[in-house]
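*Asks:* Those protein sequences? They're chains A and B, same order as listed. Using our numbering, the first residue of the first sequence is number 91, and each one after it goes up by one. Using our numbering, the first residue of the second sequence is number 91, and each one after it goes up by one. Don't be surprised by glycine CBs; every beta carbon is placed ideally from N, CA and C. This is the structure I have questions about; it appears just below.
2 protein chains.
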Amino acid sequence: MRPEDLVFASRFDGISGSAIREIFKLLAVPGMISFAGGNPSPESFQCDLCAELARELLSSKGKVLLQYGATEGYLPLKEALVPYIRESFQVEATTDTLLPTTGSTQGMDLLCKALINPGDAIIVEDPTFLGNMQCMKLYEARLVPVPSDEEGMDTDKLEEAILREHPKMIYVIPTFQNPTGRTLSLERRKKIAALAEKYGVVVAEDDPYRDLRYKGEALESIKHFDKAGMVALLGSFSKVISPGLRVGFLCADPLILRKCTIGKQSSDVHTALLNQAIVAEYLRRDLLRPHVAEICAMYKKQMEAMLEGLSHCAGIESYTRPEGGLFIFAALKEGMDAKEKMMKCVEKGAAYVPGTHFYAFGGHENTLRLNFSMSSVEEIARGMAILDSVFGA
Amino acid sequence: MRPEDLVFASRFDGISGSAIREIFKLLAVPGMISFAGGNPSPESFQCDLCAELARELLSSKGKVLLQYGATEGYLPLKEALVPYIRESFQVEATTDTLLPTTGSTQGMDLLCKALINPGDAIIVEDPTFLGNMQCMKLYEARLVPVPSDEEGMDTDKLEEAILREHPKMIYVIPTFQNPTGRTLSLERRKKIAALAEKYGVVVAEDDPYRDLRYKGEALESIKHFDKAGMVALLGSFSKVISPGLRVGFLCADPLILRKCTIGKQSSDVHTALLNQAIVAEYLRRDLLRPHVAEICAMYKKQMEAMLEGLSHCAGIESYTRPEGGLFIFAALKEGMDAKEKMMKCVEKGAAYVPGTHFYAFGGHENTLRLNFSMSSVEEIARGMAILDSVFGA
Numbered sequence: 091m092r093p094e095d096l097v098f099a100s101r102f103d104g105i106s107g108s109a110i111r112e113i114f115k116l117l118a119v120p121g122m123i124s125f126a127g128g129n130p131s132p133e134s135f136q137c138d139l140c141a142e143l144a145r146e147l148l149s150s151k152g153k154v155l156l157q158y159g160a161t162e163g164y165l166p167l168k169e170a171l172v173p174y175i176r177e178s179f180q181v182e183a184t185t186d187t188l189l190p191t192t193g194s195t196q197g198m199d200l201l202c203k204a205l206i207n208p209g210d211a212i213i214v215e216d217p218t219f220l221g222n223m224q225c226m227k228l229y230e231a232r233l234v235p236v237p238s239d240e241e242g243m244d245t246d247k248l249e250e251a252i253l254r255e256h257p258k259m260i261y262v263i264p265t266f267q268n269p270t271g272r273t274l275s276l277e278r279r280k281k282i283a284a285l286a287e288k289y290g291v292v293v294a295e296d297d298p299y300r301d302l303r304y305k306g307e308a309l310e311s312i313k314h315f316d317k318a319g320m321v322a323l324l325g326s327f328s329k330v331i332s333p334g335l336r337v338g339f340l341c342a343d344p345l346i347l348r349k350c351t352i353g354k355q356s357s358d359v360h361t362a363l364l365n366q367a368i369v370a371e372y373l374r375r376d377l378l379r380p381h382v383a384e385i386c387a388m389y390k391k392q393m394e395a396m397l398e399g400l401s402h403c404a405g406i407e408s409y410t411r412p413e414g415g416l417f418i419f420a421a422l423k424e425g426m427d428a429k430e431k432m433m434k435c436v437e438k439g440a441a442y443v444p445g446t447h448f449y450a451f452g453g454h455e456n457t458l459r460l461n462f463s464m465s466s467v468e469e470i471a472r473g474m475a476i477l478d479s480v481f482g483a
Numbered sequence: 091m092r093p094e095d096l097v098f099a100s101r102f103d104g105i106s107g108s109a110i111r112e113i114f115k116l117l118a119v120p121g122m123i124s125f126a127g128g129n130p131s132p133e134s135f136q137c138d139l140c141a142e143l144a145r146e147l148l149s150s151k152g153k154v155l156l157q158y159g160a161t162e163g164y165l166p167l168k169e170a171l172v173p174y175i176r177e178s179f180q181v182e183a184t185t186d187t188l189l190p191t192t193g194s195t196q197g198m199d200l201l202c203k204a205l206i207n208p209g210d211a212i213i214v215e216d217p218t219f220l221g222n223m224q225c226m227k228l229y230e231a232r233l234v235p236v237p238s239d240e241e242g243m244d245t246d247k248l249e250e251a252i253l254r255e256h257p258k259m260i261y262v263i264p265t266f267q268n269p270t271g272r273t274l275s276l277e278r279r280k281k282i283a284a285l286a287e288k289y290g291v292v293v294a295e296d297d298p299y300r301d302l303r304y305k306g307e308a309l310e311s312i313k314h315f316d317k318a319g320m321v322a323l324l325g326s327f328s329k330v331i332s333p334g335l336r337v338g339f340l341c342a343d344p345l346i347l348r349k350c351t352i353g354k355q356s357s358d359v360h361t362a363l364l365n366q367a368i369v370a371e372y373l374r375r376d377l378l379r380p381h382v383a384e385i386c387a388m389y390k391k392q393m394e395a396m397l398e399g400l401s402h403c404a405g406i407e408s409y410t411r412p413e414g415g416l417f418i419f420a421a422l423k424e425g426m427d428a429k430e431k432m433m434k435c436v437e438k439g440a441a442y443v444p445g446t447h448f449y450a451f452g453g454h455e456n457t458l459r460l461n462f463s464m465s466s467v468e469e470i471a472r473g474m475a476i477l478d479s480v481f482g483a
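Written out as structure tokens, the structure reads:
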């Protein structure tokens, strides 16, 4: 027998890898202006600082950092996370409620591992982040989309869905959501925390963009309003320090965290220690705050350039006006197909992701997600001109 | 509702975290001579070299290494792995048959994710590595132990078990096995590759200790004899460069690797790029080979000191005589309890792991695993004297 005759695990039924990865292959053309990705700008990486931190850390603590570490995480990072989470998320964490993870992607994977049996329902915003929908599908969860509006997930519809579907988990990206860029209102944050307690549903609060705020006031996290311990907060340093380092964290009740930790033992034993230590130094030396201020100043201009382009772009029916993050979500006039238009844009040298991919059950063919972090203000103007010409044709 | 009322996923039924982790908590006493762990010696870490490599890499390639990478792995590492795997494993890999993983632990997790449905049988050596048994249990696999002798897994009993249990996978550590230190004979390697093809069972060949050979001749890997593509080779740099960096690899047929890659997308997106790049430099600059020679010279003396101690240790009925690796497996006289004796040893300042934990269904209470990599020759002599006094009492 050969591998072509193998029967793979049923969790892969209907899963063929991320659809938007296929789009990314189209973009490997020099000069392509890509609004398709979700990467932070390479301009935001502090290469020399990271080089110096890595050197210092390995020179002074190499015997610890190169050895096996605890699955529970590198203690100096956990200690440095406590004040960071207090300030950024308005949450009182302790080292017992924190688990460093290999990116927040792993945090989501571990929460599903801890909680989801095949067939269990997970409520997701419609649209939402594709990568984590794939994660849920690999745990054979039943995705239950709940619509969102300008204030984020509709909490009336959420309560109806909870009563109807008895979900195990609610997955929500409250701040500068992917793909919409929208922010969940304060009232709805309180409401979601209350619903989680009332109905016994764990909330996976995925908040990687929160520090990238270009205007308006920061809102308390859902976890801030969580008296019962039913909210698990997923954090990431991918958007503000580096995605390549793969460091995020899970902040959750110790009982939930205990299952995630056991799950992590056989996922990767622990997150790489050097990587945890570099992030710890960013926090301990107060390097993150001034760095975030610089990134925000840069991204703010890029977001404004894109909003300006959208304001006079042909064919555009509506678009979101985020206060931060990496994405704007737009709708073409009813009947227009963003997938078909995308191929024409790519021919002319600009790309985006059709919004349909972010909806649990597809549809919404007239929508598109636009990323502004990977393009300069000048490239954004040129790219938006291409979209204008294609959408207006 | 609160977390104490949550029903966790059924994959955790009967799983309480690694039993030997509880033992390790006993050992956090200054001066304790521990034969319990499986860590490489901190003396084997090249801290200054790693510091310099990290600095150079981030200075010169930071914009790439700090950005998101491909799930499929960092190409310079994959290219450097090809000649390494040819030389060390006698296997002709290509970049299409290689997937860098976050430690070989993740390689095992991804193979289970790709192949195992709840209730599927996996054949394991009896005894075998505890951590990967926990991984299999979290995929709700049915573990089928097959006994091993001086030449490793008994392949006649293996074939009987295949015919009886129709397993999906065979898990084997062919070289300097954990916990026994034994090496699978060449004939049995060929036989396992042939059985895999004949019966359509995937072999997970976990070979992290292969480069730590202190005497005798290297044997070809099982994968070397794999004509059908049914053997998946798990490799690791944890024992020869650093476990803290979390870099391993999976070498398998592209069809199997494709499922593992999709599974990895939602596990951690990709293995941290800096860590992949450090390992790539070790291979590209031929730094690994001389380093391994040095480590082997050190570990050889430690292994010999432990074998010498065992040769006149009271109460010992038998023990293995490995040609490399990190472990020796010993049996006390019938009726003696290695668990009970361990508590007495710990009181006197020396520790090991009772062998019963490494057997899929327990038993074998008179066995123990001894690690020699974490103790100096002098500590080994003192520790063995403690064992002698306790076992002889």
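Residue range of the alpha helix (DSSP H) that A:S178 falls in?
*Replies:* In the first sequence, counting from the first residue as 1, residue 178 of chain A sits at position 88. It spans L165 to F179 - the alpha helix (DSSP H) in which A:S178 sits, taken as one unbroken run.
*Asks:* Starting from the C-beta of B:G541, find all residues in its chain whose C-beta is less than 8 Å away, skip the five residues before and the five after it, and write them out in chain order.
*Replies:* Here chain B has residues from 91 to 483 only, and residue 541 of chain B is not among them.
*Asks:* Give me the Cβ distance between B:L373 and B:Y174, rounded to the nearest whole Å; I'm assuming they're in contact under 8 Å.
*Replies:* Here residue 373 of chain B refers to the residue found at position 283 of the second sequence. Here residue 174 of chain B refers to the residue found at position 84 of the second sequence. That belief holds up - the Cβ atoms of B:L373 and B:Y174 are roughly 5 Å apart, short of 8 Å.
*Asks:* Is the segment 160-176 of chain B close to the segment 385-400 of chain B, with three or more CB pairs under 8 Å?
*Replies:* They do not touch, by the three-pair rule.
*Asks:* Count the other CB atoms within 10 Å of the CB of A:G306; is the residue buried (16 or more) or exposed (fewer)?
*Replies:* The residue you call residue 306 of chain A lines up with position 216 of the first sequence. Under this definition A:G306 is an exposed residue.
*Asks:* Could you run through the segment 406-423 of chain A and flag, in chain order, every residue whose CB is less than 9 Å away from some CB of chain B?
*Replies:* Here the close residues number zero.
*Asks:* Which same chain residues, not among the five before or five after B:G399, have their C-beta less than 7 Å away from its C-beta?
*Replies:* For this step, residue 399 of chain B is matched to residue 309 along the second sequence. Closer than 7 Å at the Cβ level, and outside the excluded window around B:G399, lie I470, A471 and M474.
*Asks:* Count the CB pairs spanning the segment 269-280 of chain A and the segment 351-363 of chain A that are closer than 8 Å, and state whether there are at least three.
*Replies:* Too few Cβ pairs lie closer than 8 Å, so no.
*Asks:* Assign B:V119 to one of two classes, buried (16 or more other C-beta atoms within 10 Å of its C-beta) or exposed (fewer than that).
*Replies:* Taking the first residue of the second sequence as 1, we reach residue 119 of chain B at position 29. The residue is exposed, with fewer than 16 neighbouring Cβ atoms inside 10 Å.
*Asks:* So the beta strand (DSSP E) B:E407 belongs to, where does it begin and stop?
*Replies:* As a working mapping, residue 407 of chain B is identified with position 317 in the second sequence. I406 to Y409 is the span of the beta strand (DSSP E), which, as asked, contains B:E407.
*Asks:* What are the partner residues of B:G242, as DSSP defines its beta bridges?
*Replies:* Residue 242 of chain B sits at position 152 when you count from the first residue of the second sequence. Answer by DSSP bridge pairing, in chain order: B:D239.
*Asks:* Could you tell me whether the Cβ of A:Q157 comes closer than 8 Å to any Cβ of chain B?
*Replies:* Counting from one through the first sequence, the residue named residue 157 of chain A turns up at place 67. At least one chain B Cβ lies under 8 Å of A:Q157.
*Asks:* Could you say if the segment 252-267 of chain A and the segment 445-464 of chain A meet the contact criterion of at least three C-beta pairs nearer than 8 Å?
*Replies:* The segment 252-267 of chain A, when compared against the segment 445-464 of chain A, does not touch it at the 8 Å Cβ threshold.
*Asks:* In its own chain, which residues sit with a C-beta less than 6 Å from the C-beta of A:G127, not counting the 5 before and 5 after it?
*Replies:* Residue numbering aside, residue 127 of chain A sits at position 37 when the first sequence is read from its first letter. Excluding positions up to five away in sequence, the list reads N461 and M464.
*Asks:* So does the segment 221-228 of chain A actually touch the segment 182-201 of chain A, counting three or more Cβ pairs closer than 8 Å?
*Replies:* Enough Cβ pairs lie closer than 8 Å, so yes.
*Asks:* Do you know whose CA, among B:S328, B:C403 and B:F102, lies nearest A:I206's CA?
*Replies:* Against the first sequence, residue 206 of chain A aligns to sequence position 116. Looking at the Cα atoms, B:F102 is the closest of the given residues.
*Asks:* Cβ atoms of A:M426 and A:G405: under 8 Å apart, would you say?
*Replies:* Position 315 of the first sequence holds residue 405 of chain A. Position 336 of the first sequence holds residue 426 of chain A. Contact: yes.
*Asks:* List the residues of chain A whose Cβ lies closer than 9 Å to the Cβ of B:A318, in chain order.
*Replies:* Taking the second sequence and counting its residues from 1, one reaches residue 318 of chain B at position 228. Neighbours of B:A318 on chain A, chain order: M91, R92 and P93.
*Asks:* Assign B:D138 to one of two classes, buried (16 or more other C-beta atoms within 10 Å of its C-beta) or exposed (fewer than that).
*Replies:* Sequence index remark: in the second sequence, residue 138 of chain B carries index 48 (1-based). So B:D138 ends up on the exposed side.
*Asks:* Grab the span of the beta strand (DSSP E) containing A:L422 for me, first residue to last.
*Replies:* Taking the first sequence and counting its residues from 1, one reaches residue 422 of chain A at position 332. Its beta strand (DSSP E) spans residues F417 to L422.
*Asks:* How should A:E371 be labelled, buried or exposed, when 16 other C-beta atoms within 10 angstroms of its C-beta is the threshold for buried?
*Replies:* As a working note, residue 371 of chain A is residue 281 in the first sequence. By the neighbour-count rule (16 or more Cβ atoms within 10 Å), A:E371 is buried.
*Asks:* Taking the beta strand (DSSP E) that B:G197 falls in, what are its first and last residues?
*Replies:* The count along the second sequence starts at 1 and reaches residue 197 of chain B at position 107. Not the beta strand (DSSP E): B:G197 falls in the alpha helix (DSSP H), residues G193 to L205.
*Asks:* Starting from the beta carbon of B:T195, find every residue of chain A whose beta carbon is closer than 9 Å, and list them in chain order.
*Replies:* For this step, residue 195 of chain B is matched to residue 105 along the second sequence. Near B:T195 (Cβ distances below 9 Å), the residues of chain A are Q355, S356, S357, D358 and V359.
*Asks:* In chain order, what residues of the same chain have a beta carbon less than 7 Å from the beta carbon of A:Q180, not counting five sequence neighbours either side?
*Replies:* As a first step, residue 180 of chain A must be located in the first sequence, where it is residue number 90. Answer for A:Q180: E310, S311 and H314, listed in chain order.
*Asks:* Are A:A99 and A:P235 touching if we call contact CB-CB under 8 Å?
*Replies:* For the purposes of this step, residue 99 of chain A is taken as residue 9 along the first sequence, with counting starting at 1. For the purposes of this step, residue 235 of chain A is taken as residue 145 along the first sequence, with counting starting at 1. Not closer than 8 Å, so no.
*Asks:* Verify whether the separation of the beta carbon atoms of A:P298 and A:K329 is less than 8 Å.
*Replies:* Translated into the one-based positions of the first sequence, residue 298 of chain A becomes position 208. Translated into the one-based positions of the first sequence, residue 329 of chain A becomes position 239. Taking 8 Å as the Cβ cut-off, A:P298 and A:K329 qualify as a contacting pair.
*Asks:* Does the beta-carbon of B:H447 have 16 or more other beta-carbons within 10 angstroms, so that it is buried, or is it exposed?
*Replies:* Within the second sequence, numbered from 1, the residue matching residue 447 of chain B stands at position 357. So B:H447 counts as buried.
*Asks:* Can you tell me which of B:P333, B:L248, B:S178 and B:L340 puts its alpha carbon nearest to the alpha carbon of B:A211?
*Replies:* Start at 1 with the first residue of the second sequence, and residue 211 of chain B comes out as number 121. It is B:L248.
*Asks:* Cβ of B:K168 within 8 Å of Cβ of B:T191?
*Replies:* Within the second sequence, residue 168 of chain B is the residue found at index 78, counting from 1. Within the second sequence, residue 191 of chain B is the residue found at index 101, counting from 1. No, the Cβ-Cβ distance between B:K168 and B:T191 is not below 8 Å.
*Asks:* Report the residues of the segment 216-234 of chain B with a CB closer than 7 Å to any CB of chain A, ordered along the chain.
*Replies:* Result list: G221, Q224, C225 and L228.
*Asks:* In the segment 100-174 of chain B, which residue ranges form an unbroken alpha helix (DSSP H) of at least 4 residues, counting only runs that do not cross its ends?
*Replies:* Runs found: 109-116 and 137-155.
*Asks:* To which residues does DSSP link B:T457 through a beta bridge?
*Replies:* Taking the first residue of the second sequence as position 1, residue 457 of chain B is located at position 367. Looking at the DSSP assignment, B:T457 forms a beta bridge with B:A421.
*Asks:* Compare the C-beta of B:G163 against all C-beta atoms of chain A and say whether one is closer than 8 Å.
*Replies:* The residue labelled residue 163 of chain B in the question sits at position 73 within the second sequence. No, B:G163 lies away from the interface with chain A (no Cβ there is under 8 Å from its Cβ).
*Asks:* What in chain B is Cβ-close to A:N129, meaning under 8 Å?
*Replies:* Along the first sequence, read from residue 1 onward, the residue named residue 129 of chain A stands at position 39. Residues of chain B passing the Cβ test: Q157 and Y158.
*Asks:* Who are the near neighbours of B:F327 in its chain, counting only those whose CB is closer than 6 Å to its CB and skipping five residues on each side?
*Replies:* Along the second sequence, one-based indexing puts residue 327 of chain B at 237. Contacts found: V337 and V369.
*Asks:* DSSP on A:R375, reduced to helix/strand/coil?
*Replies:* The count along the first sequence starts at 1 and reaches residue 375 of chain A at position 285. DSSP places A:R375 in coil when its eight states are reduced to three.
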